[in-house]
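Residue numbers for the sequence shown follow my numbering, beginning at 725 and rising by one. Positions of the beta carbon are idealized from the N, C-alpha and C atoms, including for glycine.
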Amino acid sequence: MAANDNDGNDEDPEGIGKPGPEVLSAALAQGLEHEARQAEETRKILQEKLNEGVRQLRAVAKEHNLVWPEDED
């Protein structure tokens, strides 16, 4: 059992409390920022793979004298 130092804080005699709302909010915001960065990095990787696939298809189409549709803007 922990020693009581008579500071009036009998609920938390060890001085170890739960984090307050500000700490939890900051941690949540940091976690969301991390998730957003990971999602953006994943999106970039997938976009590059898609672009590479399109380049390969265009090359094959050109080799076989096929017409590749123009990019739509």
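When you compare only the Cα positions, how much space is there between H788 and E772? 24 Å
CA-CA distance, P745 and E757? 18 Å
In the DSSP assignment, find the unbroken alpha helix (DSSP H) run with H758 in it and report its ends. 745-787
Please confirm whether R779 and W792 have their CB atoms less than 8 Å apart. no
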